[in-house]
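In this note's numbering, the protein residues as written are 114 to 711.
For every residue, glycine included, the Cβ atom is placed at its ideal position computed from N, Cα and C.
Heads up: the structure comes next, in structure tokens.
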């Protein structure tokens, strides 16, 4: 049954070209009809012409240009702007690893290796004839996977992707896989072309979208079987547990990566700087904030879904008993083009790439919990000494009420946190402390003291205890003042305000620019069709300017003589012109004779 479905799917791939040729033939016939009807109207052979007869064929031609371009681009593997090309000189270890996996699977290695910022791996081809013929192959690998997955799990993911292109008994499945990918891209292109509200582009988009759905329904069994076979290939080269662990980890890795982008990378990019090695920083975050490996939740899937559920795949992997090849050494670090990938991750930011230590120091200061410290200061002239005076007067409750008026205990706790942050800021400005970047929350304050035998880091509990005492009782304020004085802190110094950088992340507009460019191309097609319509009218009108209309009656012109001579009565006047053109408004009187007779 699966073989029959595969044969039908391949037949449908040929049917796409048949449908396209029929559509083009209809459009050409409509254009000829439009030119013929327009010429008859201009020459006066018909009284009127329906505008749809003229406009619709040219709009159809413009829509079919979009169809033809979609057919041409359907076999392409996608836009290169979505990833960064990696040469072997930039990443020798990664290229060697990819070639090794391809050799173990038994396919030719990819012609290109590209990196992007997604938690995914994929192998695509610039296939021809909607995937019927192979082409240039490329591997696109997500940067987060290099940081999060050990080498054997990464090998399992690559083995799964390469498994879709194994020949032999799965050759038909390979064609079906390529064909569906090409049809899916064709459908996306036509949907983009149908954004305009006039013309039949939307009709063509619906036709080919329905065609793609029919193809998907027929080929779903083939593609689901391919997923299981690709998992089996991955299990053979890396072990069932490796591919199972990778499948369980993808969702958690993606969540950690999105957190890294939003809370760290994009925030510092908005301030004008970024780490020169984002992969190393993401790896550092995973050390303190590891991702969870969990079984996926049960999901309801359509019986016609092209991919089996993750639970079904894990169940089949658990039943496998494959021997894992022993490997002496595995790569643990990967080189890659750092600056190019940083520009790809931050396309709309002009940032300065900093070494890891510098970036972490600046990011720690930006993530310091100073927002609550601002709430303790009444105005621009308020200082830490001003806050100490309020606490010395026993008015801690007034300060606590700024944070929470409903729960006194919560308000006091937040007051302690705010005072700790304010004291920490003064310590940092005095050079007696620094902020340490935390991957699990706000930055941590590290207080240090210069002694004769070197710099000593003071315990966090010591400063924290003094802050609690100052909030709890006015007598604790003096002890906190003395402690800060020993660390060279001047409480009367004005709060050193810094320009607060916006944490609003600029959205990557590259996809929008590409969509607008494609939309402008469709507008250009319709504009060309409109110009063609106008040209037909102009050419037909110019060619008929010097020729009389077939419905015009031509009569000879007649000029009446201006002088009449006296003639004998027996001589008649010249014959009259045709009645229709003779002017009877004036008849000259007859000339008089000598004998009085006319």
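Status (buried if at least 16 other CB within 10 Å, exposed otherwise) for residue i
| i | result |
| --- | --- |
| residue 371 | exposed |
| residue 273 | buried |
| residue 377 | buried |
| residue 440 | exposed |
| residue 124 | exposed |
| residue 447 | buried |
| residue 223 | buried |
| residue 449 | buried |
| residue 139 | exposed |
| residue 573 | exposed |
Alpha helix (DSSP H) segment containing residue i, residue limits
| i | result |
| --- | --- |
| residue 788 | In this structure the chain extends from 114 to 711, so residue 788 is not present and cannot be described. |
| residue 362 | 353-373 |
| residue 518 | Where residue 518 is concerned, there is no enclosing alpha helix (DSSP H), given that its DSSP letter is neither H nor E. |
| residue 466 | Where residue 466 is concerned, there is no enclosing alpha helix (DSSP H), although the beta strand (DSSP E) it sits in stretches over 465-467. |
| residue 486 | 484-487 |
| residue 380 | 379-383 |
| residue 498 | 497-505 |
Where residue i falls: helix, strand or coil (DSSP)
| i | result |
| --- | --- |
| residue 571 | coil |
| residue 452 | helix |
| residue 406 | coil |
| residue 602 | coil |
| residue 340 | helix |
| residue 388 | strand |
| residue 229 | strand |
| residue 277 | coil |
| residue 457 | helix |
| residue 443 | coil |
| residue 543 | coil |
| residue 330 | helix |
| residue 719 | For the chain, the structure presents residues 114 to 711; residue 719 sits outside this window and is missing. |
| residue 199 | coil |
| residue 437 | coil |
| residue 550 | coil |
| residue 221 | coil |
| residue 396 | helix |
| residue 558 | strand |
| residue 348 | helix |
| residue 616 | Because the pLDDT at residue 616 is just 36, under 50, the model does not fix this residue reliably, and the point stays unresolved. |
Residue i, enclosing beta strand (DSSP E) - first and last residue
| i | result |
| --- | --- |
| residue 421 | That residue, residue 421, is in no beta strand (DSSP E); it is neither H nor E in DSSP. |
| residue 217 | That residue, residue 217, is in no beta strand (DSSP E); its alpha helix (DSSP H) goes 205-218. |
| residue 237 | 234-238 |
| residue 250 | 250-255 |
Proximity of residue i and residue j at Cβ, strictly below 9 Å
| i | j | result |
| --- | --- | --- |
| residue 355 | residue 276 | no |
| residue 558 | residue 576 | yes |
| residue 585 | residue 509 | yes |
| residue 228 | residue 248 | no |
| residue 257 | residue 369 | yes |
| residue 321 | residue 129 | yes |
| residue 532 | residue 489 | yes |
| residue 589 | residue 583 | yes |
| residue 358 | residue 217 | no |
| residue 513 | residue 524 | yes |
| residue 226 | residue 198 | yes |
| residue 593 | residue 501 | yes |
Cβ pair count under 8 Å reaching 3, the segment 518-538 against the segment 491-506 = yes
Inspect the CB distances between the segment 220-240 and the segment 346-353 and report whether three or more fall short of 8 Å.
-> no
Would you say the segment 541-555 touches the segment 478-493, given that touching needs at least three Cβ pairs under 8 Å?
-> yes
Is there contact between the segment 325-337 and the segment 381-400, where contact requires at least three CB pairs shorter than 8 Å?
-> no
Counting Cβ pairs, one atom from each stretch, are 3 or more of them under 8 Å apart for the segment 192-209 and the segment 426-435?
-> no
Does the pairing of the segment 385-392 with the segment 465-477 give three or more beta-carbon distances under 8 Å?
-> yes
For the 8 Å Cβ check, are there 3 or more pairs between the segment 260-271 and the segment 395-408?
-> yes
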